[in-house]
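K.L.:
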Amino acid sequence: MKEQSIESLVKDVTRGAVKATELVENSFDQINRWEPECQALLRSHQEKAEAQAAAIDALTPAQREELPLAGLPVVIKDNIAVEGEPLTCASYILENYRADYNALVVERLKQAGAIIIAQSNMDEFAMGSSTENSAFQVTKNPWDLTRVPGGSSGGSAVSVATGYTLCALGSDTGGSIRQPASYCGVTGFKPSYGTISRYGLVAFASSFDQIGPFTRTAEDAAKIMQVLVGRDARDSTSQQHPWDFTLSCEVAPPVRKVRYPISFIEQLGKAERESFEAVVQVLEAHGVVVEPVVSELWTHALAMYYILAPAEASSNLARFDGVRYGNRQEESEDSLVKMVTRTRSQGFGPEVQRRILLGNFTLSAGYADKYFQHAQKVRNKLKQELDRVFEGCDLVLMPTTPQVAFKIGEKTADPMTMYLADIYTVVANLIGAAAISIPGPSVGGLPFGVQLMAGQFQDQAVLETAHWLQQVTDFHRSSPAEL
Amino acid sequence: MTKISEQFMGELASRTRLELSGQEMMDLREQLNTILGYVDALQEVSVEECDDSYNVHPNALELRPDEPRLMGDSGQQLVSRSVGATDGFYRVPRVLEQEES
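Chains as they are written, first to last, in the numbering used here: chain A, 1 to 483; chain B, 1 to 101.
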């Protein structure tokens with residue numbers, strides 16, 4: 001299954017050459033093989049998946065023709081609502097909460113014939129870069145079990161890297177799809193803000209959050225995007241746009257000029273720089289002009305992000321009070337304030353508490369002008385600067401991360417060091433741009449991603465270029481050694 | 001450079017409804033001050049003539065009609081998700097604090 005594209009797999013299911021039940025069985029074989037070591041999933045749904053697969057197999061080929069993802073097993077990050085199933089965001093505070101409705105993306109996947117086989121582990125409320133902040137388990141990187149898979153969508157990245165599935169959904173607020181995709185050697189796409197409805201996604205930072213797919217290839221990501229995109233009245237930020245994710249199979253590169261931020265490249269270690277330059281050489285060998293660009297503001301992107309995103313999070317997470325959702329910690333003499341305080345203190349983990357406090361501080365009277373308002377102004381300035389960069393080129397190319405996956409526990413004691421893992425990915429979220437991480441040449445035997453970013457709603461250009469690169473290289477074909 | 005004082009840290013914890021031990025308070029204050037030390041570099045950026053309201057995309061938001069509606073057959077399904085639900089209502093502890101005797 002791992003070697004096949006989603007398109008060809010669905011065709012096989014549609015004409016009856018492969019049964020959906022076989023695909024589900026294959027997924028659970030891989031889950032049984034890897035899951036004891038990797039712990040990527042918070043729960044799986046084998047019986048329900050088998051029943052759905054059997055129902056698809058019972059359809060006629062003509063009926064299956066109507067289902068663009070007929071029989072495709074998929075994994076969903078546990079901050080996206082699946083009706084009737086737990087929705088924990090990997091947090092104790094939502095440990096016993098179940099979703100009352102399907103997220104728009106889940107609705108669309110189901111209508112397209114996809115089968116939800118499992119829900120994946122993540123950093124609590126998507127806050128983290130290693131999936132170590134889950135309240136329930138630490139997910140391991142299948143390339144080296146002593147290393148993190150990245151985060152916050154670490155479980156979804158591992159699900160694709162190990163072959164549980166050809167598609168897992170994640171969410172990306174500051175790099176939470178692209179960074180784990182880079183660490184796990186898979187393709188991770190963050191669509192433009194407004195491309196996919198976030199109805200049913202638990203909010204972290206609402207002006208940054210986007211749902212997107214993990215796949216093995218950009219071609220597969222485009223196939224999934226075709227199903228997920230579109231205006232949805234239940235998310236007022238989702239946009240009407242003439243989307244078309246049909247990819248061309250041109251031999252010539254779909255871009256003429258690409259720029260890379262020189263300051264980011266200068267910060268790289270020798271091996272990481274060589275990996276990045278190998279991708280540059282591929283582009284140049286095919287006639288693409290690749291030139292450096294200087295940007296003062298990109299170096300400040302992480303600072304902007306760590307003021308604005310926690311501020312939004314502190315507001316979004318105020319709703320978790322033990323009254324309406326999830327766990328409640330209460331003693332008989334507690335007042336309302338005491339119960340809410342007890343619930344939140346015991347329900348939120350350290351990283352979530354840190355960001356709530358930080359966000360509350362930067363919004364405080366006396367500090368809001370200096371931090372929040374100032375950062376919003378710089379965000380506007382960054383957007384203008386990036387608009388000018390994109391006027392002179394088709395795409396921006398940069399590494400996804402400064403380094404390969406780090407060791408489990410290596411950065412947990414120092415939050416600031418952990419935050420730096422997102423230094424190259426936050427730019428796309430700040431400006432609402434489309435960006436993808438695809439595997440580049442490995443570094444020391446571990447995956448190392450390269451990131452392509454374009455302006456807002458240039459999603460197809462990003463996918464088209466990534467697809468072309470994956471036609472002329474084979475970096476994306478590597479997989480972790482089977483256990 | 002801005003530093004969060006011990007007293008203000010206590011205020012933040014109270015406002016966010018988080019109960020922190022003395023050690024947690026100390027560790028978090030140190031970590032937040034390190035983060036503020038990093039983000040303070042943003043002050044170097046001149047923002048004259050920059051708008052402080054930000055829209056991620058240029059298109060106006062299309063809002064749905066502000067009409068009350070029930071989820072499913074009734075709101076009871078949502079209320080029942082609360083561990084403190086009683087007789088179809090959310091139950092909360094007493095709101096007024098008791099005076100210390």
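Backbone N, C-alpha and C fix where the C-beta goes; we use that ideal spot for every residue, glycine too.
Given the structure is predicted, the values throughout are model-derived calculations rather than measurements.
(1) Along the chain, where does the beta strand (DSSP E) containing D12(A) start, and where does it finish?
(2) From the DSSP output, read off the bridge partner residues of R147(A).
(3) Which residues in chain B have a C-beta closer than 9 Å to the C-beta of V484(A)? List them in chain order.
(4) Assign L395(A) to one of three DSSP states: helix, strand, or coil.
(5) Less than 8 Å between C-beta atoms, sequence neighbours within five positions excluded: which residues of the same chain meet that for A405(A)?
(6) Between the alpha carbons of R17(B) and S134(A), how many angstroms are there, rounded?
(7) What runs of the alpha helix (DSSP H), each 4 residues or longer, lie entirely inside the region 412-481 of chain A?
(8) Can you list the residues of chain A that Q77(B) reaches, using a CB-CB cut of under 8 Å?
(9) Might you give, ordered along the chain, the residues of its own chain that have their beta carbon closer than 6 Å to the beta carbon of Q458(A), omitting 5 neighbours on each side?
(10) Which residue comes first and which comes last in the beta strand (DSSP E) that contains Q210(A)?
(11) Following the continuous alpha helix (DSSP H) through A218(A), name the residue where it begins and the one where it ends.
(12) Could you tell me which residues DSSP pairs with Q119(A) in its beta bridges?
(13) For Y260(A), count neighbouring Cβ atoms within 10 angstroms of its own Cβ and tell me buried if that reaches 16, exposed if not.
(14) Could one say the Cβ of P68(B) lies closer than 9 Å to chain A's Cβ atoms, at least one of them?
(15) Taking a contact to mean a Cβ-Cβ separation below 9 Å, would you say L395(A) touches A301(A) in this structure?
(16) Between G484(A) and chain B, is the shortest Cβ-Cβ distance under 9 Å, so that the two count as touching?
(17) Once you ignore the five residues that flank Q30(A) on each side, which residues in its own chain have a CB closer than 7 Å to its CB?
(18) Reducing DSSP to helix, strand and coil, say where G154(A) ends up.
(19) What residues are listed by DSSP as bridge partners for R256(A)?
(20) Check whether chain B comes within 9 Å of L357(A), counting only Cβ atoms and requiring the distance to be less than that.
(21) If you draw a straight line from the alpha carbon of A318(A) to that of E3(A), how long is it in whole angstroms?
(22) Given a limit of 7 Å on CB to CB distance, which residues of the region 24-37 of chain B reach chain A?
(23) Which residue's Cα is closest to the Cα of Y101(A): S130(A), L169(A), Q226(A) and R234(A)?
(24) Just checking: is the beta-carbon of M453(A) within a distance shorter than 9 Å of some beta-carbon in chain B?
(25) Secondary structure at V56(B), three-state DSSP: helix, strand or coil?
(26) Starting from the beta carbon of A375(A), find every residue of chain B whose beta carbon is closer than 7 Å, and list them in chain order.
(27) Whose C-beta lies closer than 6 Å to the C-beta of S437(A) among residues of the same chain, with five residues either side of it excluded?
P.N.:
Here's the rundown:
(1) In the first sequence, the residue the question calls residue 12(A) occupies position 12. Here D12(A) belongs to no beta strand (DSSP E); instead the alpha helix (DSSP H) covers I6 to R15.
(2) On the first sequence, position 147 is the one that residue 147(A) refers to. In the DSSP output, where bridge partners are listed per residue, R147(A) has K407(A).
(3) Absent from the structure is residue 484(A), since the part of chain A shown begins at 1 and ends at 483.
(4) As a working note, residue 395(A) is residue 395 in the first sequence. Here L395(A) sits in strand by DSSP.
(5) By 1-based counting over the first sequence, the position of residue 405(A) is 405. N141, W143, D144, R147, V148, P149, G150, Y183, C184, L446 and P447, listed in sequence order.
(6) As a first step, residue 17(B) must be located in the second sequence, where it is residue number 17. As a first step, residue 134(A) must be located in the first sequence, where it is residue number 134. The straight-line gap from Cα to Cα measures roughly 21 Å.
(7) 415-419, 426-431 and 459-472
(8) Sequence index remark: in the second sequence, residue 77(B) carries index 77 (1-based). Near Q77(B) (Cβ distances below 8 Å), the residues of chain A are D100.
(9) One-based indexing of the first sequence puts residue 458(A) at position 458. Cβ neighbours of Q458(A) beyond the five flanking positions: A434.
(10) As a first step, residue 210(A) is located in the first sequence; it is residue number 210 there, counting from the start. Looking at the DSSP string, the run of the beta strand (DSSP E) that includes Q210(A) is Q210 to T215.
(11) Counted from its first residue, the first sequence places residue 218(A) at position 218. First-last of the alpha helix (DSSP H) with A218(A): A218 to L228.
(12) By one-based count along the first sequence, residue 119(A) stands at place 119. DSSP lists R43(A) and I76(A) as partners of Q119(A).
(13) Taking the first sequence and counting its residues from 1, the one referred to as residue 260(A) is at position 260. Under this definition Y260(A) is a buried residue.
(14) Looking up residue 68(B) in the second sequence gives position 68. Judged by the 9 Å Cβ criterion, P68(B) is not in contact with chain A.
(15) In the first sequence, residue 395(A) corresponds to position 395, counting from 1. In the first sequence, residue 301(A) corresponds to position 301, counting from 1. It is not a contact, given that the beta carbons lie outside the stated cut-off.
(16) Nothing about residue 484(A) can be read from this structure; chain A reaches only from 1 to 483.
(17) In the first sequence, counting from the first residue as 1, residue 30(A) sits at position 30. Excluding positions up to five away in sequence, the list reads T162, G163 and Y164.
(18) Translated into the one-based positions of the first sequence, residue 154(A) becomes position 154. Three-state DSSP puts G154(A) in a helix.
(19) What you label residue 256(A) is simply residue 256 of the first sequence in a count that begins at 1. DSSP, once it has assigned bridges, lists no residue as partnering R256(A).
(20) Translated into positions along the first sequence, residue 357(A) becomes position 357. Cβ-Cβ to chain B under 9 Å: yes for L357(A).
(21) The count along the first sequence starts at 1 and reaches residue 318(A) at position 318. The count along the first sequence starts at 1 and reaches residue 3(A) at position 3. So the alpha carbons of these two residues sit roughly 45 Å apart.
(22) L28, Q31, L32, T34 and I35
(23) Within the first sequence, the letter at position 101 stands for residue 101(A). Among S130(A), L169(A), Q226(A) and R234(A), the Cα nearest to that of Y101(A) belongs to R234(A).
(24) Mapped onto the first sequence, residue 453(A) falls at position 453. No, because no Cβ of chain B sits closer than 9 Å to the Cβ of M453(A).
(25) As a position in the second sequence, residue 56(B) is number 56, starting the count at 1. Here V56(B) sits in coil by DSSP.
(26) Position 375 of the first sequence, counted from the start, is the residue given in the question as residue 375(A). Within 7 Å Cβ-Cβ: L42.
(27) Your numbering for residue 437(A) matches position 437 in the first sequence. The residues are R178, A181, S182, G188, T400, G449 and Q451.
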